[in-house]
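Notes follow the structure.
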Amino acid sequence: MPSRLTKIGCILLLGLASSPALADAVVVVSAQSPVSNLTRSELTDIYLGRTNRFPGGQPAMPVDQHENSPAYVTFYRNYLGQTPAQIKMHWSRLIFTGRGQPPRSLADHQTMADFVAGQATAIGYVDDAYVDERLRVVTID
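Residue numbers for the sequence shown follow my numbering, so the first one is 896 and each next one is one higher.
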């Protein structure tokens, strides 16, 4: 028989899973970009500042949503397997040593969608409800 704590934990997890604020983020580029798929490793390298190019050699400009947004947490946890604290520590080290700057931070899904749509080199993430003909969803292998 499940303990009371187990039941509470399940209820909390179900509540979080159904929350619209924590919907799955999809990785997007402009419809003008030739990029259509990336490996998880390539995406990680772009978002952690290890490279500033897509695999085909085109420039890559990653953009983030605000650090405290549910989309930011979801993206880094689901795609890069890291927590916001781990990401903050990573960028703190790079900034301190002068080896990099974190991706530009944008306010919300709509701002991200508009920015990425207008920049052929940009890559970002939005809730799939914000994907329109101006954006291409990138398949992550």
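The C-beta atom is built at its ideal place from N, Cα and C for all residues, glycine as well. If you're wondering where the values come from, they're calculated on a predicted model, not measured in any experiment.
In the same chain as residue 1005, and ignoring 5 residues on each side of it, the C-beta atoms closer than 7 Å to its own belong to 1025, in chain order. The continuous stretches of beta strand (DSSP E) do not include residue 936, which lies in the alpha helix (DSSP H) extending over residues 935-942. Taken in chain order, the whole beta strand (DSSP E) runs of length 3 or more contained in the segment 971-1028 are 999-1001, 1017-1022.
DSSP places residue 965 within a helical segment (H, G or I) once states are collapsed to three.
In the DSSP assignment, residue 1034 forms a beta bridge with 932. Taken through DSSP and simplified to helix, strand or coil, residue 919 comes out as coil. In the DSSP assignment, the residues bridged to residue 948 are 954. Here the alpha carbons of residue 981 and residue 1020 stand approximately 19 Å from one another. Residue 970 counts as buried, since no fewer than 16 other beta carbons sit within 10 angstroms of its beta carbon. Contact annotation: residue 966 and residue 1029 have beta-carbon atoms that are not nearer than 8 Å.
In the structure shown, residue 960 adopts extended strand secondary structure according to DSSP, grouped into three states.
If you draw a straight line from the Cα of residue 962 to the Cα of residue 1003, it comes to about 11 Å.
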